[in-house]
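Residue numbers (the working numbering), protein chains in the order written: chain P, 1 to 218; chain Z, 219 to 436.
There are 2 protein chains.
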Amino acid sequence: MRPPTSRYAYVKDGPAIYLDSFATIRRESDLSRVPADAEKLAVRMIHGTGQTDLVDDLVVHPALVSSARTALAAGAPILCDARMVAVGVTAGRLPSGNEVCCFLNEDRVPGLAREWRTTRTAAAVSLWEPHLDGAVVAIGNAPTALFHLLEMLADGAPRPAAVIGCPVGFIGAAESKQALVDFAGETGIDVPYVTVRGRRGGSAMTSSAVNALAQEAE
Amino acid sequence: MRPPTSRYAYVKDGPAIYLDSFATIRRESDLSRVPADAEKLAVRMIHGTGQTDLVDDLVVHPALVSSARTALAAGAPILCDARMVAVGVTAGRLPSGNEVCCFLNEDRVPGLAREWRTTRTAAAVSLWEPHLDGAVVAIGNAPTALFHLLEMLADGAPRPAAVIGCPVGFIGAAESKQALVDFAGETGIDVPYVTVRGRRGGSAMTSSAVNALAQEAE
C-alpha cells in the first residue's frame, strides 16, 4: 500500500496541527473574558467549532474547572446526552479510566418518553440519577435534556460536580442555557457549569470541553 | 420511576421540535442561494449548527443531491473520517440499510500514518479505496483527510458518487475545502460535492447532510 502522490502543501503532523490551531485561537480571541483557569477550556471549545467569537458567548462558572478536574481525577463518570458527545471524548486523556455513559439507546427509554410525553433524550436523563452524584454531565444536543436535568435537580436529585450544558438549535436551546445560568439564583442549588449563550452549541463543542477538563496538558 | 416536577414551559414533542426548527430556519435563511433540489439539505445542515448564516458559505455542486440520493438508494456505503460523523448518521433514515464505515480505529492505521508521515485520519482514507467507487464520502473533521482523498482521486482512485467535505478548524480546513471546489477545474475529475467555505464545519453538519440526503422526507 502506498500513499497518494503529493499534490497539496499542507501540515500533516497531528501534534503540529493542534499547536498551530491553539496559537491561532490565542492570537484571535479575547480570552480575558473567561476565568483565568478556564483559558484552555475556552481554547479547546473554540477549536471544536472553528469560531473564535465563540468566546463572546461563553459563560463559565468560577468553580467549573476546579470542580470538574477534581471529579474526573477521582474517577467521576461522564454522562452524555448523545452518542456523538460520548464518542468525541478522547479516552486517552481521561485521568482515571472514567466511564463515558450515554443511556439513549437503553430499552426502557422509548417507553418512558411515551409515558412522560417527552423526548427520548430527556427521558434518558432520568436514568442518570444513580450516577449523578459528583458526575460530570455533558449535554451537547438536546435542550429537552438540559431542561429535564434542571427539573430533576430542583426536585432534589444528587448534584453533579459539573455541567457542560451546550445544547444546540432553534427551539429551546437558548432558553435552556439561560435557565442553567439562572438556576443557582432561582433555586439556591449552585452546580458549576459552562455554557454558551444563544443557538450555538453541539456535540463537538461539548466533547471538546470534556477533553479540556480531563487534563491540564494541551 | 417518575418524571421530575414540571418547572419550565418548553416543547417536549420531538417531531414538533423538528418542524418548528425547520420553519424557523426557512423564515430566517436565504435558501435561494443553493440549488433548488438542495433546499432541504441546506436546512438540515443549518439545523445541525444552529446558525442560519451558514447558507452564505455553502457551496453545492449542481449534481450533488441527485447523485447522492441515487447512490444511497442503490445501497452505497457511507465512508466517514470520524466516529462522531458515523454515529450522527440516523440509521432509520438510510434507504437501503447502507453501511456506515469509519476505519480510523483499524489496526493498520497508526503504522501507515507513521510510515507516510501523515495523520491517522488521512491514512485511514486510503483504506476506503476498495469501497470508494460510487460511495458517499462524509468528511466532517480532518482537513488532512480531504486533502488525502483529493490526492487519491487525482492519482486515479475510483470516484465516489458524492463528497460531503466539511472539515473544521484553523489549519488547512478552509484550504482543503477550496481545493475541493477547485478540483474539477484543475483535474477534469468532476465529483459532486457539498462544502462550506471557511473555518466552519464539523461532524454535526456532516452527519446532518447525510441524513438529509438519505431521504426526501424531512
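Even glycine gets a Cβ: it sits at the ideal position worked out from N, Cα and C. Remember, it's a predicted structure, so these values are computed and weren't measured experimentally.
For residue j and residue i, the rounded distance between their alpha carbons
{"i": "ALA38(P)", "j": "MET45(P)", "result": "11 angstroms"}
{"i": "VAL65(P)", "j": "ALA74(P)", "result": "14 angstroms"}
{"i": "ILE78(P)", "j": "VAL191(P)", "result": "15 angstroms"}
{"i": "ARG418(Z)", "j": "GLY50(P)", "result": "5 angstroms"}
{"i": "ILE407(Z)", "j": "ALA372(Z)", "result": "8 angstroms"}
{"i": "VAL54(P)", "j": "VAL43(P)", "result": "This sequence places Leu at residue 54(P); Val is not what is there. Cα to Cα, the separation comes out at about 10 angstroms."}
{"i": "ASP133(P)", "j": "ARG93(P)", "result": "22 angstroms"}
{"i": "HIS349(Z)", "j": "THR413(Z)", "result": "22 angstroms"}
{"i": "ARG117(P)", "j": "ARG108(P)", "result": "14 angstroms"}
{"i": "LEU221(Z)", "j": "PHE103(P)", "result": "Leu is not the amino acid found at residue 221(Z); the sequence shown has Pro there. In a straight line, the C-alpha of PRO221(Z) is about 16 angstroms away from that of PHE103(P)."}
{"i": "PHE22(P)", "j": "SER250(Z)", "result": "36 angstroms"}
{"i": "PHE183(P)", "j": "ILE235(Z)", "result": "24 angstroms"}
{"i": "CYS298(Z)", "j": "TYR411(Z)", "result": "14 angstroms"}
{"i": "HIS366(Z)", "j": "MET1(P)", "result": "14 angstroms"}
{"i": "GLU186(P)", "j": "GLN433(Z)", "result": "44 angstroms"}
{"i": "GLN178(P)", "j": "GLU115(P)", "result": "27 angstroms"}
{"i": "ASP30(P)", "j": "TYR10(P)", "result": "28 angstroms"}
{"i": "CYS319(Z)", "j": "PRO328(Z)", "result": "18 angstroms"}
{"i": "ALA63(P)", "j": "PRO280(Z)", "result": "51 angstroms"}
{"i": "ILE243(Z)", "j": "TYR226(Z)", "result": "24 angstroms"}
Interface flag, residue i vs chain Z, CB-CB below 8 angstroms
{"i": "PRO170(P)", "result": "Checking the sequence, you will find Phe at residue 170(P) rather than Pro. Closer than 8 angstroms: yes."}
{"i": "THR206(P)", "result": "no"}
{"i": "HIS47(P)", "result": "yes"}
{"i": "SER96(P)", "result": "no"}
{"i": "PRO3(P)", "result": "yes"}
{"i": "PRO130(P)", "result": "no"}
{"i": "GLN178(P)", "result": "no"}
{"i": "LYS40(P)", "result": "no"}
{"i": "SER21(P)", "result": "yes"}
{"i": "ALA173(P)", "result": "yes"}
{"i": "ARG200(P)", "result": "yes"}
{"i": "PRO143(P)", "result": "yes"}
{"i": "ALA122(P)", "result": "yes"}
{"i": "ILE164(P)", "result": "no"}
Proximity of residue i and residue j at Cβ, strictly below 8 angstroms
{"i": "ARG377(Z)", "j": "ASP275(Z)", "result": "no"}
{"i": "ALA142(P)", "j": "ILE164(P)", "result": "no"}
{"i": "ALA204(P)", "j": "SER421(Z)", "result": "yes"}
{"i": "VAL354(Z)", "j": "ALA435(Z)", "result": "no"}
{"i": "LEU330(Z)", "j": "LEU364(Z)", "result": "no"}
{"i": "ASN429(Z)", "j": "THR270(Z)", "result": "no"}
{"i": "LEU72(P)", "j": "LEU213(P)", "result": "yes"}
{"i": "VAL278(Z)", "j": "PRO253(Z)", "result": "yes"}
{"i": "GLU369(Z)", "j": "SER96(P)", "result": "no"}
Residue i classed as buried or exposed, judged by whether at least 16 other C-beta atoms fall within 10 angstroms
{"i": "GLY358(Z)", "result": "buried"}
{"i": "GLY266(Z)", "result": "buried"}
{"i": "ALA209(P)", "result": "buried"}
{"i": "ARG245(Z)", "result": "exposed"}
{"i": "PRO385(Z)", "result": "buried"}
C-beta neighbour in chain P for residue i, strict 8 angstroms
{"i": "PHE365(Z)", "result": "yes"}
{"i": "GLU317(Z)", "result": "no"}
{"i": "ILE407(Z)", "result": "no"}
{"i": "LEU322(Z)", "result": "no"}
{"i": "LEU330(Z)", "result": "yes"}
{"i": "THR337(Z)", "result": "yes"}
{"i": "SER447(Z)", "result": "Residue 447(Z) is absent from the model: chain Z starts at 219 and stops at 436."}
{"i": "TYR411(Z)", "result": "no"}
{"i": "SER421(Z)", "result": "yes"}
{"i": "ALA372(Z)", "result": "yes"}
{"i": "THR495(Z)", "result": "The structure shown does not extend to residue 495(Z), since chain Z is modelled only from 219 to 436, so the question has no answer here."}
{"i": "PRO253(Z)", "result": "no"}
{"i": "GLY352(Z)", "result": "no"}
{"i": "ILE243(Z)", "result": "yes"}
{"i": "GLU185(Z)", "result": "What the structure shows of chain Z is the stretch from 219 to 436, and residue 185(Z) is not part of that stretch, so it cannot be assessed."}
Distance between beta carbons of residue j and residue i, contact taken as under 8 angstroms
{"i": "ALA340(Z)", "j": "LYS12(P)", "result": "7 angstroms"}
{"i": "VAL125(P)", "j": "SER207(P)", "result": "Not quite, the Cβ-Cβ distance comes to about 17 angstroms (not below 8 angstroms), so this is no contact."}
{"i": "ALA82(P)", "j": "ALA162(P)", "result": "Not really, about 18 angstroms apart at Cβ, beyond 8 angstroms."}
{"i": "GLY172(P)", "j": "THR144(P)", "result": "7 angstroms"}
{"i": "GLY14(P)", "j": "THR337(Z)", "result": "5 angstroms"}
{"i": "GLU347(Z)", "j": "ALA375(Z)", "result": "6 angstroms"}
{"i": "GLU99(P)", "j": "LEU127(P)", "result": "Not a contact, Cβ separation roughly 14 angstroms."}
Check: residue i C-beta below 7 angstroms from any heavy atom of the ligand HEM
{"i": "GLY293(Z)", "result": "For the ligand HEM, the structure offers nothing, since it holds no ligand at all."}
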